[in-house]
Structures are given as structure tokens and as C-alpha cells.
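Engineer: Numbering-wise, the sequence shown is residues 361 to 478 according to my numbering.
I'd like to ask you about the structure that follows.
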Amino acid sequence: MSCPSGPLSAFVQGLWSAAVSESVAEPVVKLLHSEACSSIWFSLAGDVRIGDIAIPEGVVVLPVEKVAAQVSLAPGSELAGIRFQPAIGYGLICQHFGRPTVLTREFRTIARITPGKV
């Protein structure tokens, strides 16, 4: 993760990317910490899950993390993200989210993600 400095650091906690080689036999599982921050993920490829919630490809807004969760990245997964400082996500999107939410091409059209559905 890259931690911005200067003026951007007041808004962004970190910029990151992750990829799992297709040659890996099992999914890579990491802990998503609960830091009272929201994020935007760019899910580029592969099967990505937060707990039992499948994250589809696209731009996904993650809510403020209140509890830690397991993130599972299947072989071939690629994603990147922006982790905001506390309270910044709302100022950017002007809406609170209770679960991961896909942002569609139309800015005002938002599709919610529910467990077991993509």
C-alpha cells in the first residue's frame, strides 16, 4: 500500500493493488481491518469475496468497516483500491452505504450487492 503525502494525505489513507497468479492452487485470504474508513475498490478480474459476499467486476464502494472481515482472492483475481481517511467517503459520494455497492455508469444509478448474488 502506498500512503500519500502532502495535501492528498488529508483525504486518502492509502492506494493499493493486488493480484493473485492463476498458477496459485488456492484462494489468498487476507483480513480487511475495521478502521472506521470507507473505500472504493476497482475489481478488475476474478472471484473476489468479502466474507460470503461476492464482489463483481466494476467500481465498488465499501461502507465504513465496523468489524474485521476475511477477503478471499481466487487465482486470477486483480483489484485496486483507494482507502479514505475517516468521514471522507461520505463527502465524496454524498451517501452512506451499509454494504458493498456497485457504482454503475450512470452516477445516480446504484446497484446494491447482496450475499450470494452478483
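Just so it is clear, CB atoms sit at the ideal spot from N, CA and C, and this is done for glycine as well.
Quick check on Cys363: buried or exposed, where buried means 16 or more other Cβ atoms within 10 Å of its Cβ?
Structural biologist: With fewer than 16 other Cβ atoms within 10 Å, it is exposed.
Engineer: Tell me Ile442's beta-bridge partners as DSSP assigns them.
Structural biologist: According to DSSP, Ile442 bridges with Leu375 and Ile400.
Engineer: Are the beta-carbon atoms belonging to Ser381 and Gly441 less than 9 Å from one another?
Structural biologist: Result no, Cβ atoms of Ser381 and Gly441 do not sit closer than 9 Å.
Engineer: Of all Cβ atoms in chain B, is any one closer than 9 Å to the Cβ of Ala429?
Structural biologist: In the structure shown, chain B does not exist; there is a single protein chain.
Engineer: If you draw a straight line from the C-alpha of Ser437 to the C-alpha of Ala396, how long is it?
Structural biologist: Between Ser437 and Ala396, the C-alpha separation is close to 26 Å.
Engineer: For Val482 versus Pro460, is the C-beta distance shorter than 9 Å?
Structural biologist: The requested residue 482 is not part of the displayed model; the chain covers only 361 to 478.
Engineer: Under 7 Å Cβ to Cβ from Phe371, same chain only, skipping five residues before and after it: list those, please.
Structural biologist: Cβ neighbours of Phe371 beyond the five flanking positions: Phe444, Gln445 and Ile448.
Engineer: When you compare each of Gln373, Ser398, Leu433 and Glu417 to Val384 by their alpha carbons, which one comes out closest?
Structural biologist: Ranking Gln373, Ser398, Leu433 and Glu417 by Cα distance to Val384 puts Leu433 first.
Engineer: Along the chain, where does the beta strand (DSSP E) that runs through Leu368 open and close?
Structural biologist: Segment: none, Leu368 is in no beta strand (DSSP E) and carries neither H nor E.
Engineer: Identify, in the order they occur along the chain, each residue of the same chain with its Cβ nearer than 7 Å to the Cβ of Ile480, setting aside the five sequence neighbours on each side.
Structural biologist: Any property of residue 480 remains undetermined from this structure, which presents the chain solely from 361 to 478.
Engineer: How about Leu463 and Ala379: are their beta carbons less than 9 Å apart?
Structural biologist: It is not a contact, given that the beta carbons lie outside the stated cut-off.
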